[in-house]
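Number of protein chains: 2
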Amino acid sequence: MAIDLPAELTGLRRDILTMGAAVEKRLNNVLTALRTQDVELAQTVRHGDRAIDEMELDIEMKCLHILALSQPVAGDLRFILAVLRINNDLERIGDLAKGISKRILDMCENAAIQIPAPLLEMSERSGRMTAEVLNALADDDAKACRRIRQDDDRIDDLQKEVFAWVHEEIPRDVNHTESVIDILSISRSLERIADQASNIAEDVIFLVEGTVVRHSRA
Amino acid sequence: MAIDLPAELTGLRRDILTMGAAVEKRLNNVLTALRTQDVELAQTVRHGDRAIDEMELDIEMKCLHILALSQPVAGDLRFILAVLRINNDLERIGDLAKGISKRILDMCENAAIQIPAPLLEMSERSGRMTAEVLNALADDDAKACRRIRQDDDRIDDLQKEVFAWVHEEIPRDVNHTESVIDILSISRSLERIADQASNIAEDVIFLVEGTVVRHSRA
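In order, the protein sequences belong to chains A and B. Under the working numbering, residues 1 to 218 are what the first sequence spells out, in order. Under the working numbering, residues 1001 to 1218 are what the second sequence spells out, in order.
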């Protein structure tokens, strides 16, 4: 049974970009909800990740189908392998966004707390890294991906700043403990989102150039 | 350029099991260090994950090489795709073990704290899940993998218990805050290790049966 490989690959590219756009929208919503403490917006992200799960399964099935029925080589094979991985990374970003929405809803129930500046910067940067890597995927832009990977260092520094803030904040007022821990937890999720965006950047570099850059500074 | 596919696949199986054993050893060491507060043992895990990173790259290169030079189908293709994913999951477990070792070293510098029972149980279970899933991989045992996936629910409950403990412990003595947060952080890492073990279980089911069980209870 033969398949029309170019048509399948075009469909796959469209699907992974659609999945990326859906995940990016959920991430943007949760980051806005974090900044504005918008309970309703957080609730839209708390629920409704089933569509993302279904897209993930659908894309995975299509990749396996193509691999099973045709013998893609070189660039086509790399594209399918990269899509399998990116698909997984996007689903994780969606999951992390959902986790953040739960924390925001928790925080809104507890004593009000001022969100620390490094967390806001993490939120802004991890959202931007995700948006940029999806653009780079659409444009096959390996150069942009190398820049995105470097942004991850700043995220790690910000995570340390949030950590220091937590250590100061807790003894200052133990009634805030729950919200402080929610903020710590959100910072971890943002760090992981930035990590996933970096992983996608590595996959795009692999896809475009055939180079594996993991564990390197290249 | 033809390759000897059966020989390559046998080699790949040996390599992924060797990688699994190396990661399992590091995980066991860090879990023992956690239980016994053994600084020296924690330090062995803090350093020396380069060997794991190199194994990961080597296995990935071999998979890509096989995919590029032969046209594996059906079970062989599934095996290679599963190995690519398991390889990645194992490397993450190694990374998480390293992260835990840093926390243990931190904790040993601060005020002594009694490790809460749910954390010890999480540590014991996540170590066992990892060991069991590696045995299941060696034995192509999809049935064991279904059981392993279910163990993940108990881990989530334990994580909630650690969370509750943190909320009680911090107001009790704010001097312990740093160690309490280290424990919270270790619990998150253990939860992620159990998650990765579940992912590997899903990959083994896929490899053996060709069924994708992600997002399902099957």
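By construction, the Cβ of each residue, glycine as well, lies at the ideal position given by its N, Cα and C atoms. In this text, all values refer to a predicted model and were calculated from it rather than measured experimentally.
Of the listed residues the options, nearest to residue i (C-alpha basis)
i                      : options                        : result
residue 59 (chain A)   : A:44, A:89, A:117              : A:89
residue 1138 (chain B) : B:1191, B:1103, B:1003, B:1015 : B:1015
residue 34 (chain A)   : A:52, A:209, A:183             : A:183
residue 227 (chain A)  : A:54, A:152, A:78, A:122       : No statement about residue 227 (chain A) is possible, as the shown extent of chain A runs from 1 to 218 and does not include it.
residue 1128 (chain B) : B:1216, B:1040, B:1201, B:1047 : B:1201
residue 221 (chain A)  : A:207, A:31, A:50              : Nothing about residue 221 (chain A) can be reported from this structure: the residues present for chain A run from 1 to 218 only.
residue 18 (chain A)   : A:51, A:38, A:114, A:76        : A:51
residue 1057 (chain B) : B:1047, B:1086, B:1045         : B:1086
residue 177 (chain A)  : A:44, A:211, A:114             : A:114
residue 1134 (chain B) : B:1093, B:1169, B:1104, B:1101 : B:1093
residue 103 (chain A)  : A:26, A:175, A:39              : A:39
residue 1021 (chain B) : B:1108, B:1144, B:1055         : B:1055
Below-9 Å beta-carbon distance, residue i vs any chain A residue
i                      : result
residue 1133 (chain B) : no
residue 1193 (chain B) : no
residue 1065 (chain B) : no
residue 1159 (chain B) : no
residue 1073 (chain B) : yes
residue 1081 (chain B) : yes
residue 1240 (chain B) : Lying before the first or after the last residue shown, residue 1240 (chain B) is absent from chain B, which here runs from 1001 to 1218.
For residue i, three-class secondary structure by DSSP
i                      : result
residue 44 (chain A)   : helix
residue 216 (chain A)  : coil
residue 1029 (chain B) : helix
residue 1162 (chain B) : helix
residue 110 (chain A)  : coil
residue 1150 (chain B) : helix
residue 2 (chain A)    : coil
residue 210 (chain A)  : coil
residue 73 (chain A)   : coil
residue 195 (chain A)  : helix
residue 984 (chain B)  : Outside the shown range of chain B, which is 1001 to 1218, sits residue 984 (chain B), and nothing can be said about it.
residue 15 (chain A)   : helix
residue 181 (chain A)  : helix
residue 1086 (chain B) : helix
residue 52 (chain A)   : helix
residue 1115 (chain B) : coil
residue 1095 (chain B) : helix
Beta carbon proximity, residue i to chain B, threshold 9 Å
i                     : result
residue 118 (chain A) : no
residue 162 (chain A) : no
residue 234 (chain A) : No statement about residue 234 (chain A) is possible, as the shown extent of chain A runs from 1 to 218 and does not include it.
residue 47 (chain A)  : no
residue 56 (chain A)  : yes
Cut-off 7 Å between Cβ atoms - residues of its own chain near residue i, not counting five sequence neighbours on either side
i                      : result
residue 1096 (chain B) : 1189, 1192, 1193
residue 1028 (chain B) : 1127
residue 1084 (chain B) : 1060, 1063
residue 68 (chain A)   : none
residue 108 (chain A)  : 37, 39
Neighbourhood of residue i by C-beta, 8 Å cutoff - its chain only, sequence neighbours within 5 removed
i                      : result
residue 66 (chain A)   : 3, 5, 8, 9, 12, 72, 80
residue 1062 (chain B) : 1008, 1011, 1012, 1015
residue 78 (chain A)   : 206, 207, 210
residue 1148 (chain B) : 1129, 1132, 1133, 1136, 1197, 1198, 1201
Beta-carbon contacts of residue i that lie in its chain and below 6 Å, excluding the five residues immediately before and after
i                      : result
residue 1213 (chain B) : 1202, 1205
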